[in-house]
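There are 2 protein chains.
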Amino acid sequence: MSRISPFLPLTLGLCLPLSVWGFEHFQPLPKAVQQPADNPASTEKISLGKKLFFDPALLGTNSTLSCNSCHKLSTGGVDGKTVSRGQHGQYTYRSTPTLWNIGFQTVLYWDGRSRSLEEQTLDHLRDPVISDNAHIGAMVQRLMDAEDYRQAFEAAFPGEDAVSADNVARALASFERSLLTPDSPFDQYIRGDENAISASARRGMVLFNDSGCASCHFGVNFAGPAPGPAMGPGDGFYELFPNHLGSRYDEQYGLADDLGRFEATGNLREKYMWRVPILRNIAVTAPYFHNGRVKTLDEAVRVMAKTQLGKEFSDGEVQDIVAFLNSLTGRMAPP
Amino acid sequence: MSRISPFLPLTLGLCLPLSVWGFEHFQPLPKAVQQPADNPASTEKISLGKKLFFDPALLGTNSTLSCNSCHKLSTGGVDGKTVSRGQHGQYTYRSTPTLWNIGFQTVLYWDGRSRSLEEQTLDHLRDPVISDNAHIGAMVQRLMDAEDYRQAFEAAFPGEDAVSADNVARALASFERSLLTPDSPFDQYIRGDENAISASARRGMVLFNDSGCASCHFGVNFAGPAPGPAMGPGDGFYELFPNHLGSRYDEQYGLADDLGRFEATGNLREKYMWRVPILRNIAVTAPYFHNGRVKTLDEAVRVMAKTQLGKEFSDGEVQDIVAFLNSLTGRMAPP
Chain P
65 MSRISPFLPL TLGLCLPLSV WGFEHFQPLP KAVQQPADNP ASTEKISLGK KLFFDPALLG
125 TNSTLSCNSC HKLSTGGVDG KTVSRGQHGQ YTYRSTPTLW NIGFQTVLYW DGRSRSLEEQ
185 TLDHLRDPVI SDNAHIGAMV QRLMDAEDYR QAFEAAFPGE DAVSADNVAR ALASFERSLL
245 TPDSPFDQYI RGDENAISAS ARRGMVLFND SGCASCHFGV NFAGPAPGPA MGPGDGFYEL
305 FPNHLGSRYD EQYGLADDLG RFEATGNLRE KYMWRVPILR NIAVTAPYFH NGRVKTLDEA
365 VRVMAKTQLG KEFSDGEVQD IVAFLNSLTG RMAPP
Chain C
65 MSRISPFLPL TLGLCLPLSV WGFEHFQPLP KAVQQPADNP ASTEKISLGK KLFFDPALLG
125 TNSTLSCNSC HKLSTGGVDG KTVSRGQHGQ YTYRSTPTLW NIGFQTVLYW DGRSRSLEEQ
185 TLDHLRDPVI SDNAHIGAMV QRLMDAEDYR QAFEAAFPGE DAVSADNVAR ALASFERSLL
245 TPDSPFDQYI RGDENAISAS ARRGMVLFND SGCASCHFGV NFAGPAPGPA MGPGDGFYEL
305 FPNHLGSRYD EQYGLADDLG RFEATGNLRE KYMWRVPILR NIAVTAPYFH NGRVKTLDEA
365 VRVMAKTQLG KEFSDGEVQD IVAFLNSLTG RMAPP
């Protein structure tokens with residue numbers, strides 16, 4: 065897998081500041097997500113998906129939750145909880161990940177066990193903790209019975225059988241692929257505005273790159289390759305966490321309690337393997353890690369340095385890296 | 065789809081009694097099940113699958129259940145309950161179907177939502193009602209730690225990573241494909257022994273054929289096409305049930321409460337669609353139907369006549385059909 069950015073010629077052409085040299089696998093946010101051949105986006109699909117996303121009725125007649133309850137778009141695409149709660153107060157499996165820029169991920173869930181947004185959405189709709197529908201057919205029937213939804217489905221999926229569980233998933237996935245956060249200070253900087261980020265953030269960016277963070281956190285989402293020539297949807301980019309077992313953080317934050325992909329696949333070689341998570345907007349998506357046990361970004365950086373790199377950063381270094389991570393927060397406005 | 069039996073030349077060659085003419089889509093039980101290309105059976109796999117099937121430890125350290133608890137091979141492959149109970153007394157989704165001759169089905173579950181025995185087995189192993197493992201990885205770890213299992217896996221799956229969730233599913237599926245019930249009176253009859261079934265059973269066979277039961281209940285398992293040229297594994301054979309809604313049985317036995325495939329797929333055209341169930345050994349697999357609400361075979365025949373064919377059979381006709389169904393019970397001995 066090549067880590068050379070396809071955007072390098074573009075960024076060079078934009079009179080790149082010298083400080084960006086050497087960051088060839090840092091990438092600005094593209095204007096759009098690559099669409100799957102079997103579910104290309106359309107205005108009608110995105111509009112329907114948005115309606116479904118915010119509607120608690122999707123998840124049951126008496127549902128107290130919509131998709132937006134946990135993946136709250138106005139607060140970074142997360143709900144700020146350690147672990148979200150389901151329809152009847154049950155805990156969900158892991159901490160809710162953000163949906164902003166999710167279309168640049170090749171697999172879904174912390175452990176990457178789902179290979180497309182469509183598949184992951186159907187999985188959620190069938191999850192008895194998340195959905196209060198008796199079954200997925202009851203959900204479809206209710207949408208079918210609602211005149212406004214029937215029309216919206218027919219517009220989004222012309223032809224017969226427009227209202228179906230698959231089409232609910234397709235519309236939601238199209239909407240989610242439209243959730244982009246452009247114009248972060250980092251993007252402005254990497255596109256040529258030298259003053260878009262502070263001196264501290266620039267030092268943090270160098271440290272992030274040189275100390276090894278960027279070995280895994282590279283690419284559009286600082287989460288490995290986005291769907292494209294190097295890696296298709298469904299091909300996950302996984303790393304070991306904790307990479308160095310045995311630090312004080314294991315017990316303090318229960319880092320070794322969850323076996324990651326192994327819990328999904330039963331493959332012994334996938335113990336403690338995780339999908340590399342998105343760092344864009346990380347400053348506004350606390351708490352951190354799959355179990356949501358770390359509350360601040362400072363502490364998350366210290367934990368990562370220790371468990372992944374076997375390093376202890378100084379207070380000043382932590383501050384610089386956090387300043388860099390703060391620069392990854394973009395403009396969040398649902399389409 | 066052709067309903068002409070590939071066994072016709074064979075049965076003809078065996079000096080077929082005249083009474084069998086006209087039953088060209090009734091088929092004797094083949095000697096073996098067609099094996100999937102990616103998981104051909106072996107003695108080692110079947111032996112490992114058998115060990116796993118009867119071992120409660122597969123489903124959790126303190127599991128009270130093995131596969132055999134619900135799919136009890138010594139009692140027709142079922143537990144005789146309306147709906148089986150899970151690890152902690154929870155009800156399972158529907159009545160447990162038999163595993164005898166299951167390898168001749170193209171899809172699994174009452175609604176056919178699983179496309180292979182391997183897929184269905186993994187689904188069961190991950191089901192929190194059925195499995196008491198914290199996660200599927202915990203199950204693999206325990207098998208890995210048990211010397212006898214590790215050796216059995218290495219024998220069944222030579223090469224590295226022999227112990228895995230996928231291989232648990234492969235071994236169980238291979239074992240299940242070996243569960244055949246040969247030498248039923250029906251098989252002896254159709255192969256040429258005129259006295260293998262009673263006169264009443266012979267009348268029942270004619271009535272079963274002529275009144276329309278055999279329109280859906282044909283083929284090896286009297287459940288539609290087995291995997292073969294006409295239909296591959298994963299291509300389900302589905303029918304509407306109840307076909308005639310509105311009979312007294314709908315309320316009496318809750319027949320309209322479960323929407324069948326629609327509940328799994330959300331496809332409105334699949335409301336009340338079901339995989340045609342196996343009739344081999346039906347006399348020893350009470351109670352009947354997906355919800356296990358009908359206790360006797362007599363009553364099941366009356367319900368089917370009314371809901372599927374819009375008919376009422378006389379007592380004598382019911383008796384004859386039941387005599388025929390009784391002749392479908394074969395010899396049950398796990399390999």
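Listed in order, the protein sequences are those of chains P and C.
Count the first sequence with this note's numbering and you get residues 65 to 399, in order.
Count the second sequence with this note's numbering and you get residues 65 to 399, in order.
All residues carry an ideal CB built from backbone N, CA and C; glycine is no exception.
Only a predicted model underlies this, so the values are computations on that prediction, with no experimental measurement involved.
Bridge-paired residues (DSSP) for residue i
i	result
P/R149	P/Y155
C/S178	C/L172
P/G124	Beta-bridge pairing links P/G124 to no other residue.
C/V358	C/Y352
P/F90	P/G283
Boundaries of the alpha helix (DSSP H) in which residue i is found, first to last residue
i	result
P/T185	181-190
C/S133	131-134
C/I19	Here chain C has residues from 65 to 399 only, and residue 19 of chain C is not among them.
P/K115	107-118
P/M368	361-368
P/D379	379-390
Residue from the options whose Cα sits closest to the Cα of residue i
i	options	result
P/L389	P/P399, P/G201, P/I346	P/I346
C/T162	C/E334, C/R241, C/P291, C/E363	C/R241
P/Q91	P/P289, P/L373, P/A294	P/P289
P/T170	P/W338, P/T156, P/G394	P/W338
P/P249	P/R255, P/A260, P/L243	P/A260
C/A235	C/Y213, C/D247, C/D251	C/Y213
C/V348	C/A202, C/S391, C/Y155, C/V367	C/S391
P/N307	P/G283, P/G292, P/G296, P/E334	P/E334
C/A369	C/A263, C/Y173, C/S228, C/V386	C/V386
C/V142	C/N197, C/R395, C/T160	C/T160
C/F118	C/F239, C/A320, C/A287	C/F239
C/T125	C/Q151, C/S106, C/K136, C/P297	C/Q151
C/R312	C/K115, C/G374, C/P100	C/G374
C/I194	C/C131, C/F282, C/K145	C/C131
C/D187	C/A237, C/G144, C/A226	C/A237
P/G318	P/D299, P/V227, P/W164, P/G356	P/G356
P/S279	P/F301, P/R344, P/H135	P/F301
C/E315	C/N103, C/L112, C/T139, C/T371	C/T371
C/L332	P/F221, P/W174, P/M203, P/A216	P/M203
C/P351	C/P341, C/E376, C/A364, C/V340	C/A364
C/A219	C/H354, C/H89, C/D196, C/S106	C/S106
P/C277	P/G201, P/V358, P/R149, P/V367	P/V367
C/S262	C/A233, C/D384, C/G256, C/G394	C/D384
P/D230	P/D274, P/P192, P/T185	P/T185
P/A397	P/R149, P/L137, P/N197	P/L137
Chain D within 8 Å of residue i, Cβ atoms only
i	result
P/E183	Annotation note: the requested chain D is absent from the structure, which comprises protein chains P and C.
Every unbroken alpha helix (DSSP H) within the segment 295-351 of chain C, with a cutoff of 4 residues, ordered by chain | Listed in chain order, the complete alpha helix (DSSP H) runs (minimum 4 residues) inside the segment 295-351 of chain C are 312-316, 325-329.
Any residues in the segment 193-204 of chain P with a beta carbon nearer than 9 Å to a beta carbon of chain C? Which ones, in chain order?
-> From the segment 193-204 of chain P, only A198, H199, I200, G201, A202, M203, V204 have a Cβ closer than 9 Å to chain C.
Identify each residue in the segment 333-352 of chain P for which the Cβ-Cβ distance to at least one residue of chain C is less than 9 Å, and report them in chain order.
-> Cβ contacts with chain C: R333, E334, K335.
Near-chain P residues of the segment 214-244 of chain C (beta-carbon distance less than 8 Å), N- to C-terminal order | If the cut-off is 8 Å between Cβ atoms, the segment 214-244 of chain C has D225, V227, S228, A229, D230, V232 near chain P.
For the segment 117-137 of chain C, which residues have a beta carbon sitting closer than 7 Å to at least one beta carbon of chain P?
-> Going along the segment 117-137 of chain C in chain order, one finds no residue with a Cβ nearer than 7 Å to chain P.
Quick one: which unbroken alpha helix (DSSP H) runs of 4-plus residues sit fully inside the segment 203-271 of chain P? Chain order, please.
-> List check, alpha helix (DSSP H) in window: 211-220, 229-241, 249-254.
Listed in chain order, which residues of the segment 312-330 of chain C have Cβ atoms closer than 8 Å to some Cβ of chain P?
-> Those would be L323, F326, E327, A328, T329, G330, in chain order.
If contact means a Cβ-Cβ distance below 9 Å, which residues of the segment 260-281 of chain C contact chain P?
-> Listed by position along the chain: nothing, the set is empty.
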